[in-house]
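One structure below.
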Amino acid sequence: MEAKTELTAWQGDITTLALDAIVNAANASLLGGGGVDGAIHRAAGPELLTECRTLNGCRVGEAKLTAGYQLPARHVIHTVGPIWQGGAQGEAELLAACYRNSLALAARHGLASIAFPAISCGVYGYPATEASDIAVGTVRQWLAQEPHTLRRVLLVAFDDAMADRYRRLLAG
Ligand code: APR
Numbered sequence: 001m002e003a004k005t006e007l008t009a010w011q012g013d014i015t016t017l018a019l020d021a022i023v024n025a026a027n028a029s030l031l032g033g034g035g036v037d038g039a040i041h042r043a044a045g046p047e048l049l050t051e052c053r054t055l056n057g058c059r060v061g062e063a064k065l066t067a068g069y070q071l072p073a074r075h076v077i078h079t080v081g082p083i084w085q086g087g088a089q090g091e092a093e094l095l096a097a098c099y100r101n102s103l104a105l106a107a108r109h110g111l112a113s114i115a116f117p118a119i120s121c122g123v124y125g126y127p128a129t130e131a132s133d134i135a136v137g138t139v140r141q142w143l144a145q146e147p148h149t150l151r152r153v154l155l156v157a158f159d160d161a162m163a164d165r166y167r168r169l170l171a172g
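Here the sequence shown is numbered in UniProt numbering, starting from 1 and rising by one per residue.
Below, the structure written as structure tokens:
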């Protein structure tokens with residue numbers, strides 16, 4: 001019987017988590033930015049950008065893995081969320097792909113723990129309610145259907161409202 005994977009909400013700064021991987025809400029260049037991308041690059045140090053330069057960017061919905069360098073996390077999984085354009089440009093499917101492809105990449109590397117920020121919910125303007133539904137639904141379905149080594153998956157909220165949303169959805 002496969003041991004259950006713990007899927008929980010956690011509120012705070014994702015760069016402080018000592019897990020196998022933390023996910024970065026990056027942009028297609030993978031050359032850093034503001035928000036959680038900026039926080040992760042600041043905490044990881046300049047070697048992260050050096051490795052990112054070798055990756056030749058990342059398409060929306062895709063995910064790429066690097067080391068964590070000075071972060072407590074062993075790896076960073078960089079994914080690029082969709083920019084919200086009103087909901088009729090395939091944003092929901094692209095956001096779901098960010099979660100699925102990040103989980104698949106973690107599984108390919110045999111990782112046991114991973115934390116996601118609220119991808120696209122900041123600069124990219126994705127409405128938090130829809131985005132949290134997609135995050136919980138996509139992660140739950142993937143964990144139930146795919147072979148993997150993940151034992152802990154954290155959905156990281158940076159504010160109370162998002163933490164409450166995740167907790168309500170996870171209790172459901
Ligand atoms: N820890 C956890 N969550 C964080 C942190 C942090 N240190 N900093 C910000 N967040 C949260 C934000 O509150 C938001 O809910 O991460 C979520 C994603 O917001 P952004 O970081 O703005 O990412 P996103 O909306 O996906 O936009 C990506 O912003 O920083 C640039 O280079 C990045 O161009 C890309 C774009």
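The beta-carbon is built from N, C-alpha and C at its ideal position, and this holds for glycine as well. Note that the structure is a prediction, hence the values are computed from the model and not measured.
ask   = Relative to the alpha-carbon of residue 176, which residue among Q70, L19 and I77 has its alpha-carbon at the smallest distance?
value = In the structure as shown, the chain starts at 1 and stops at 172, and residue 176 therefore has no counterpart that could be examined.
ask   = Residues bridged to E6 by DSSP?
value = In the DSSP assignment, E6 forms a beta bridge with R152.
query = Going by the CB atoms, is the gap between L48 and V76 shorter than 8 Å?
reply = Yes; because the gap between Cβ atoms is below 8 Å, this pair is in contact.
query = Rounded to a whole number of angstroms, what is the C-alpha to C-alpha distance between E146 and L94?
reply = For the pair E146 and L94, the Cα-to-Cα distance works out to about 19 Å.
message = Are the CB atoms of I119 and G61 within a distance shorter than 8 Å?
response = It is not a contact, given that the beta carbons lie outside the stated cut-off.
query = Is there contact here, the region 5-20 with the region 149-162, by at least three beta-carbon pairs under 8 Å?
reply = Result yes; three or more Cβ-Cβ pairs closer than 8 Å.
request  = Output yes or no for whether 8 Å exceeds the beta carbon distance between T138 and A107.
outcome  = No, the Cβ-Cβ distance between T138 and A107 is not below 8 Å.
query = What residue range is occupied by the uninterrupted beta strand (DSSP E) comprising L65?
reply = Secondary structure note for L65: its beta strand (DSSP E) is the uninterrupted segment A63 to A67.
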